[in-house]
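Under full-length UniProt numbering, residues 1 to 218 are what the sequence shown spells out, in order.
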Amino acid sequence: DAAVDRGPTLAIARPPNARAACGVQDEKQVTPLMRAADAGPGWEACVSALLRSAAGRARLGEVDCAAAIVQVHDEDDEQTAAHYAANANAVSTLRLLHKTLPSCARAMDVAGANPLHHAAAAGHTEVVKLLLNEMNVDRTIADSKGWIPLMYADFAGNRDMVLALLRVHLGAQLEAMHVVMNDHGSRPKVIGVLKTLATVPPFYDALNAYIANHLTLL
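Here is the structure:
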């Protein structure tokens, strides 16, 4: 049976008159598209089929369309399918979502974090590269507390990701962190990043310049 080879795409089988499968939500407003994105690499065919399903129903005059489905937020954390993909290191899935709705790369969850914050915290290098280099997400983009992705990576203990993010636009990221320096909860996180910088010789000049401009840190 040819259907056997379709693997996870079988999950979207539905009667002809049923609502587009990827528009269905469970009690937490989690959609099949989110679950497929969360499954990680290898589920791109399922994601693509779900997006085609939504687009097809839209052509028949129904409200659901692929772009609208990509925008759906779950109930608990207000994450979108793009957040799920970033957390799951699903690079190809994130590309599909972005092609359908470019703004998904900047979607915010309940904390104001976007997919780049999530990927940085998880240490997913290829997802971070995709968001920065292909989707043009600003590495100084801040959540509702003013935290940039660099701070998420440091908070999660992903030193390699911290160093990777700092290799470009170091000064801009230092200034972005300085904005939240006086916040009681954020200051220790900023200090943590600065301590990491102090252990890497190539960053000494930038760190010294930053401290020279902000002598109150001493």
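Think of the CB as a built atom: it goes at the ideal place given N, C-alpha and C, for glycine as much as any other residue. Keep in mind the model is a prediction, meaning the values are calculated, not measured.
Exposure of residue i, with buried meaning 16 or more beta-carbon neighbours within 10 Å
i: Leu215; result: exposed
i: Ser103; result: exposed
i: Thr31; result: buried
i: Ile191; result: exposed
i: Glu44; result: buried
i: Pro149; result: buried
i: Val168; result: exposed
i: Ser53; result: buried
i: Gln29; result: exposed
i: Ala198; result: exposed
i: Asn133; result: exposed
i: Ala21; result: Here the model assigns Ala21 a pLDDT of 48, short of 50, so the residue's position is not dependable and the matter cannot be decided.
i: Asn208; result: exposed
i: Lys195; result: exposed
i: Asn114; result: buried
i: Asn136; result: exposed
Supposed close pair residue i, residue j - CB separation, criterion 8 Å
i: Leu116; j: Leu97; result: The Cβ separation is near 14 Å, so there is no contact.
i: Gly146; j: Asp205; result: Contact flag wrong, Cβ pair sits at about 26 Å.
i: Met151; j: Met181; result: Incorrect: roughly 11 Å between the Cβ atoms, too far for contact.
i: Asp77; j: Asp38; result: Going by Cβ atoms, the distance from Asp77 to Asp38 rounds to 12 Å, so no, they are not a contact pair.
i: Ala86; j: Val47; result: Contact flag wrong, Cβ pair sits at about 14 Å.
i: Phe203; j: Leu166; result: 6 Å
i: Ala153; j: Ala120; result: 4 Å
Option nearest residue i by Cα separation, candidates the options
i: Leu170; options: Met34, Asn182, Ala105, Asp138; result: Asp138
i: Ala67; options: Asp77, Asp74, Ala81; result: Ala81
i: Val193; options: Ala209, Gln173, Met108; result: Gln173
i: Phe155; options: Val200, Ala122, Pro201; result: Ala122
i: Met34; options: Ala88, Ala55, Gly56, Cys65; result: Ala88
i: Leu50; options: Asp76, His73, Thr100; result: Thr100
i: Pro201; options: Val179, Lys189, Leu163; result: Leu163
i: Glu75; options: Asp160, Ala111, Met161; result: Ala111
i: Ala212; options: Thr125, Glu175, Ser186, Lys189; result: Glu175
i: Gly185; options: Ser144, Gly157, Met161, Leu94; result: Ser144
i: Asp160; options: Pro188, His124, Leu94; result: His124
i: Val70; options: Val179, Ala142, Ala107, Gly56; result: Ala107
Assigned secondary structure, residue i (DSSP; H/G/I helix, E/B strand, else coil)
i: Ala21; result: Its pLDDT being 48, under 50, Ala21 is placed unreliably in this model, and the value from its coordinates should be taken loosely. In the structure shown, Ala21 sits in a helix (DSSP, three-state: H, G or I).
i: Thr199; result: coil
i: Ser183; result: Here the sequence assigns Asp to residue 183, which means Ser is not the residue at that position. Residue state, collapsed to three classes: coil.
i: His178; result: helix
i: Asp5; result: The predicted model places Asp5 with a pLDDT of 37, which falls under 50 and marks its position as unreliable; any figure quoted below should be read in that light. Correct three-state label for Asp5: helix.
i: Ala172; result: helix
i: Pro188; result: helix
i: Met108; result: coil
i: Val162; result: helix
The ligand ATP heavy atom lying under 7 Å from the CB of residue i
i: Thr100; result: Inclusion of the ligand ATP in the displayed structure is not the case, the ligand content being empty and no account of it being possible.
Subject >> Ranges of the alpha helix (DSSP H) found wholly within the segment 45-105, counting only runs of at least 4 >> reply: 66-71, 81-87, 91-100
Original post:
What are the uninterrupted segments assigned as alpha helix (DSSP H) that are 4 or more residues long and contained completely in the segment 110-148, given in chain order?
Top reply: 115-122, 125-129
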